[in-house]
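The opening position of the sequence shown corresponds to residue 5 in our numbering, with each subsequent residue numbered one higher.
We put the CB at the ideal spot given by N, CA and C, even for glycine.
Everything numeric in this text was worked out from a predicted model, so none of it was measured.
What follows is one structure encoded as structure tokens, with my remarks underneath.
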Amino acid sequence: MAELHFEINAKSESATRTTVQARDFKLTIDEPESLGGTDAGPNPVEYELAALSGCLNVMGHLVAKEMGFELKSMDMKIQGDIDPGRFSGASMKERAGYKDIRVSIKAETDADAPTLRKWLETIENRCPVSDNLAHTTPVKLEISS
5 MAELHFEINA KSESATRTTV QARDFKLTID EPESLGGTDA GPNPVEYELA
55 ALSGCLNVMG HLVAKEMGFE LKSMDMKIQG DIDPGRFSGA SMKERAGYKD
105 IRVSIKAETD ADAPTLRKWL ETIENRCPVS DNLAHTTPVK LEISS
């Protein structure tokens, strides 16, 4: 299978708000008022959790079909905790990102427990967003003219 390429364009609208164009979709990223923003949209790390939920949903349904059971619905609660020390510049001791990410999935299905354990393991191993979060992905920043 040929490699897939994804691209977005983003524009800074203010110190906290970014407008993102992804294909024909426009997204607004902003910080809540408690972090100095205007609360015009989810913040970057909330979008990160949202991206994980979307990927797990797609993979969950795909893998269920491959395994031969019906996944009627899939509800997720995803949580993570960040120490603000690094991104606020107060301390460089902790990492800037999530310490951990916790995913709770409620799956409406008739599959038995062993099948669901195998299903969960498979979707975690095949989800591109989960892979990017769990493993180092090189990120290269550059100034363009």
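Which residues bound the alpha helix (DSSP H) around residue i?
| i | result |
| --- | --- |
| N136 | 132–138 |
| K30 | Here K30 belongs to no alpha helix (DSSP H); instead the beta strand (DSSP E) covers 29–33. |
Please list the terminal residues of the continuous beta strand (DSSP E) segment that includes residue i.
| i | result |
| --- | --- |
| R106 | 105–113 |
| N47 | Premise fails: N47 is in no beta strand (DSSP E) and is neither H nor E. |
| S16 | 13–16 |
| G89 | Here G89 belongs to no beta strand (DSSP E); instead the alpha helix (DSSP H) covers 89–92. |
| R26 | Residue 26 is actually Ala in this sequence, not Arg. From DSSP, the beta strand (DSSP E) with A26 extends over 22–26. |
| M78 | 75–84 |
For residue i, which residues from the same chain have a beta carbon less than 7 angstroms from its beta carbon, with the 5 sequence-adjacent residues on both sides left out?
| i | result |
| --- | --- |
| M78 | N61, G64, I109, A111 |
| K4 | Any answer about residue 4 is impossible in this case: the structure gives the chain only from 5 up to 149. |
| P36 | D43, N47 |
| K97 | G89 |
Would you mind sorting residue i into buried or exposed? The rule is 16 or more other CB atoms within 10 Å of its CB.
| i | result |
| --- | --- |
| A68 | buried |
| I33 | buried |
Given residue i, which residues of its chain have a CB within under 6 angstroms of its CB, disregarding the five upstream and five downstream residues?
| i | result |
| --- | --- |
| T126 | V67 |
Only counting the same chain, and skipping five residues up and downstream in sequence, which positions put a Cβ closer than 8 angstroms to that of residue i?
| i | result |
| --- | --- |
| L39 | T20, N47 |
Rounded C-beta distance between residue i and residue j? I'm assuming under 8 angstroms.
| i | j | result |
| --- | --- | --- |
| I86 | V49 | 6 angstroms |
Three CB pairs or more closer than 8 angstroms across the segment 124–144 and the segment 44–57: yes
Sufficient close CB pairs (3 or more, under 8 angstroms) joining the segment 37–56 to the segment 93–108: yes
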